[in-house]
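Worksheet for the structure shown next.
There are 2 protein chains.
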Amino acid sequence: MKIVPPGRGPVTLRDVAEHARVSIATASNALTGARRVGPDSVERVLRSASELGYRPNGVARSLRTGLHRSIGLVIPDVTNPFWAGMVSVIEGLADESGFQLSLVNTGFDAGRESASLTRLAGSVDGVLLFSTNPRATMLAPALAGGLPIVAVDEGFELEGIGGVHSDNAGGGRLAAEHLVDVGGTFFGLLAGPASLTTAAQRSAGFAAGLAGRGVDPARLHRVTAPYSFEGGREGVRRMLARHPEVDALFACTDNQAIGATFEAHDLGRVVPDDLLVCGFDDISWASRITPALTTLRQDSAGMARRAFEQLVELVTHGGAPEVTVFPVTLVERASTRRVTSV
Amino acid sequence: MKIVPPGRGPVTLRDVAEHARVSIATASNALTGARRVGPDSVERVLRSASELGYRPNGVARSLRTGLHRSIGLVIPDVTNPFWAGMVSVIEGLADESGFQLSLVNTGFDAGRESASLTRLAGSVDGVLLFSTNPRATMLAPALAGGLPIVAVDEGFELEGIGGVHSDNAGGGRLAAEHLVDVGGTFFGLLAGPASLTTAAQRSAGFAAGLAGRGVDPARLHRVTAPYSFEGGREGVRRMLARHPEVDALFACTDNQAIGATFEAHDLGRVVPDDLLVCGFDDISWASRITPALTTLRQDSAGMARRAFEQLVELVTHGGAPEVTVFPVTLVERASTRRVTSV
DNA sequence: CGCTCGAAATAAAACGATTTACATCGGGGC
DNA sequence: GCCCCGATGTAAATCGTTTTATTTCGAGCG
Chain A
1 MKIVPPGRGP
11 VTLRDVAEHA
21 RVSIATASNA
31 LTGARRVGPD
41 SVERVLRSAS
51 ELGYRPNGVA
61 RSLRTGLHRS
71 IGLVIPDVTN
81 PFWAGMVSVI
91 EGLADESGFQ
101 LSLVNTGFDA
111 GRESASLTRL
121 AGSVDGVLLF
131 STNPRATMLA
141 PALAGGLPIV
151 AVDEGFELEG
161 IGGVHSDNAG
171 GGRLAAEHLV
181 DVGGTFFGLL
191 AGPASLTTAA
201 QRSAGFAAGL
211 AGRGVDPARL
221 HRVTAPYSFE
231 GGREGVRRML
241 ARHPEVDALF
251 ACTDNQAIGA
261 TFEAHDLGRV
271 VPDDLLVCGF
281 DDISWASRIT
291 PALTTLRQDS
301 AGMARRAFEQ
311 LVELVTHGGA
321 PEVTVFPVTL
331 VERASTRRVT
341 SV
Chain B
343 MKIVPPGRGP
353 VTLRDVAEHA
363 RVSIATASNA
373 LTGARRVGPD
383 SVERVLRSAS
393 ELGYRPNGVA
403 RSLRTGLHRS
413 IGLVIPDVTN
423 PFWAGMVSVI
433 EGLADESGFQ
443 LSLVNTGFDA
453 GRESASLTRL
463 AGSVDGVLLF
473 STNPRATMLA
483 PALAGGLPIV
493 AVDEGFELEG
503 IGGVHSDNAG
513 GGRLAAEHLV
523 DVGGTFFGLL
533 AGPASLTTAA
543 QRSAGFAAGL
553 AGRGVDPARL
563 HRVTAPYSFE
573 GGREGVRRML
583 ARHPEVDALF
593 ACTDNQAIGA
603 TFEAHDLGRV
613 VPDDLLVCGF
623 DDISWASRIT
633 PALTTLRQDS
643 AGMARRAFEQ
653 LVELVTHGGA
663 PEVTVFPVTL
673 VERASTRRVT
683 SV
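Here the protein sequences come in this chain order: A and B. Heads up: the first sequence begins at 1 in my numbering, then just goes up one per residue. Heads up: the second sequence begins at 343 in my numbering, then just goes up one per residue.
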């Protein structure tokens, strides 16, 4: 089996056809199976193709068919383990289905987000959008003109856009109830940026959960911080400076919660004895730090899979956009387990 | 400014040309600047283009020119923060230069690695390869036939391949000298998989460093483990079970080192008092855990930038492959700071 | 005035596949 | 014997751009 044929330059379909002594059309049909072809011809074509080491030129195929077998992945930050995990899952699925993945890292920049959408429009069949700026993105679909988009987490305000997200409000409620149940009395909420729907929903759910347990709203203090480790550190510092009485903290993100835990430790607070901490996401580091972090687990793998399947469906068969909501589950760990149980 | 012209369907160069009352060739030249065009024509073409909302069809352009303005990124595991960081940097550079990024996550699978190379060959201008299976990949370049490849970290055994990597041996040596200097007496080496050059070089450098400080080779014990958190946990468990006298550990990766630190803690060993730990990479978590991890910092951003520039150079101007070696620096933290200094 | 030369514009040929429309051929059905 | 039909094959159009070769036209020069 020769890997590279003697003649240089890429082997084209024409070469295969000539070598098999059939027309280009027949060669194409034999290879793709688009039309019936005589068994002897198909045999000859197949052997010629493998003998010459033919690889179909995807660009030419795309130009003719209008399909790219490629999808775009627009994400705020690959460095964040929660998103990185989803990227990994999606990449695996894409590879299985023969799709290539075009990655765009927006760095939470609204401009890059919508710019990338219009750029991707020309080279991918569809986009998985992890938006962080739903409002700014609003005009992009118009520009993208019919580009299939499936949203993850954010962006459902856009007219007729489907996708997947977690039951953020429900998660916030669970967090509140849990923190009350394990003895929290003054509550701190480390909310994400106001523009993010996930943050807004988790925060609202948290407040609602406290209210449901009969907690005086005056006992809830809120601070806004970025979805990052450093955001958590800095946020909890502000929180405790202003409201030192807070003894139970809910952060909208594990990254924030972990940062908050470390900062609390540096400030001389013992978690969970002086401060109960609950996060959201269940990234792998949540169970590694000490004390291990209580958090709300999102089914990130399931969401990634569903989003991918939804996009493929949209690309191949079209159809109406639909929204799938995934439940979240409370994972109790040491960060909300008071000494009584030690 | 109308975003979408009345007639549906994508606006093509032909439409622009007709609207500007020039030929298609002139329109193309006016837009790309490939040939001189009269000032009045260029004016009309430009205005028509923007008026109609013309977006050049990249696929057609690629077919004609043979360029894709896209590069492939083949990486073992996006979930690993060290690589994720480099992905982030590279994505930023690619975006600046107008390149798209095709991401492939091999999951350390040799088959996927070489398969992805041949698949990418048709749709990208070049590949940044973070190989984990240099030997298995060896045939891929032949298949890929002239696909420009820049290697990162691994893969320099391949004939005539350029790229960037850290001074792994030097880093290993620094680690050894440091561990001796802070009082280590029996040494454990958490090596990576034997097939990885990085692991082999760091390990060899470490052994050489010990020898250079006059340490009896019998005092060095070696264990092989995957480049992951769990690999570190499991590796150090084996290590300490067999050689409980080990009081200084060098892990080839921060991930391993952090896993080892946690496992050591669970086994009742206090870091650094009972066990000195030194890692390699300086991922952001290294400075977050307690005790903060002493490690060898790789200039991952610099390497990413250099690799990208090298690839772009190779793609646009060709040239001979060259290898750039980046120095590593020792970052001393608590995990190798004995109580004396507390 | 004829002839060349250069600038500007254009018609047409790529690029490599898919797909449409048409040719060819043997075999039934009547 | 005639006609139609299904099964194969093939020539050619097509996708949207870049690029090459050709045309046009007026200016400059002998």
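Just so it is clear, CB atoms sit at the ideal spot from N, CA and C, and this is done for glycine as well.
| Check | Outcome |
| --- | --- |
| Rounded separation between residue 6/A and residue 57/A - CA only | The pLDDT assigned to residue 6/A is 48, lower than 50, so where the model puts this residue is not dependable; a value taken from the coordinates is nonetheless given after this. Straight-line Cα distance between these residues: approximately 19 angstroms. |
| Reference residue 405/B; option with closest CA among 336/A, 60/A and 64/A | 60/A |
| Contact with chain B by residue 121/A, beta-carbon distance below 9 angstroms | yes |
| Chain B contacts from the segment 41-58 of chain A (Cβ-Cβ distance under 7 angstroms) | 55, 57 and 58 |
| Same chain, Cβ closer than 6 angstroms to residue 454/B, neighbours up to 5 away in sequence not counted | 448 |
| Alpha carbon of residue 92/A to alpha carbon of residue 458/B, nearest angstrom | 12 angstroms |
| Segment contact flag, the segment 648-668 of chain B with the segment 503-516 of chain B, C-beta cutoff 8 angstroms, min 3 pairs | yes |
| Own chain, CB closer than 8 angstroms to residue 579/B, minus 5 neighbours either side, in chain order | 605 and 609 |
| contact_flag[the segment 365-379 of chain B, the segment 325-337 of chain A] where n(CB pairs < 8 angstroms) is 3 or more | no |
| Distance between residue 355/B and residue 361/B (C-alpha atoms, nearest Å) | 10 angstroms |
| Buried or exposed by the 16-neighbour rule on C-beta atoms within 10 Å, applied to residue 540/B | buried |
| Minimum Cβ-Cβ distance from residue 532/B to chain A less than 9 angstroms | no |
| Proximity winner among 353/B, 672/B and 364/B, relative to residue 520/B (alpha-carbon distances) | 672/B |
| Reduced DSSP secondary structure (H/G/I, E/B, other) of residue 310/A | helix |
| Interfacial residues, the segment 428-450 of chain B to chain A, with Cβ spacing under 8 angstroms | 429, 430, 433, 434, 437, 442, 443, 444, 445, 446, 447 and 449 |
| Pair within 9 angstroms by beta-carbon distance, residue 193/A and residue 311/A | no |
| Best match in 184/A, 168/A, 129/A and 182/A for proximity to residue 158/A [C-alpha to C-alpha] | 129/A |
| Chain A contacts from the segment 598-609 of chain B (Cβ-Cβ distance under 9 angstroms) | 600, 601, 604 and 607 |
| Beta-carbon proximity of residue 618/B to residue 512/B, cut-off 9 angstroms | no |
| Residue of 630/B, 469/B and 567/B minimising C-alpha distance to residue 415/B | 469/B |
| Between the CA atoms of residue 407/B and residue 395/B - distance to the nearest angstrom | 23 angstroms |
| With 16 other Cβ atoms within 10 Å as the buried cut-off, status of residue 209/A | buried |
| Residues near residue 631/B in its chain [Cβ-Cβ closer than 7 angstroms; skip 5 each side] | 600 and 603 |
| Rounded C-alpha distance that separates residue 124/A from residue 615/B | 55 angstroms |
| Cβ distance (whole Å) where residue 167/A is taken to contact residue 280/A below 8 angstroms | In fact, because the Cβ distance is near 11 angstroms, the residues do not count as touching under 8 angstroms. |
| Extent of the continuous alpha helix (DSSP H) to which residue 118/A belongs | 110-120 |
| Short CB-CB distance (under 9 angstroms) between residue 311/A and chain B | no |
| Classification of residue 658/B by the beta-carbon crowding that lies within 10 angstroms, buried from 16 upward | exposed |
| Alpha helix (DSSP H) runs contained entirely in the segment 231-273 of chain A, provided each spans 4 or more residues | 254-266 |
| Contact with chain A by residue 352/B, beta-carbon distance below 9 angstroms | yes |
| According to DSSP, residues forming a beta bridge with residue 343/A | Missing from the structure shown is residue 343/A; chain A here goes from 1 to 342 and no further. |
| For residue 566/B, three-class secondary structure by DSSP | strand |
| Inter-residue spacing [alpha-carbon to alpha-carbon] between residue 35/A and residue 51/A | 23 angstroms |
| Coil, strand or helix - residue 384/B by DSSP | helix |
| CB contact flag (residue 591/B, residue 516/B, <9 angstroms) | no |
| Residues of the segment 416-427 of chain B whose Cβ lies closer than 8 angstroms to any Cβ of chain A, in chain order | 419, 420, 421, 423, 426 and 427 |
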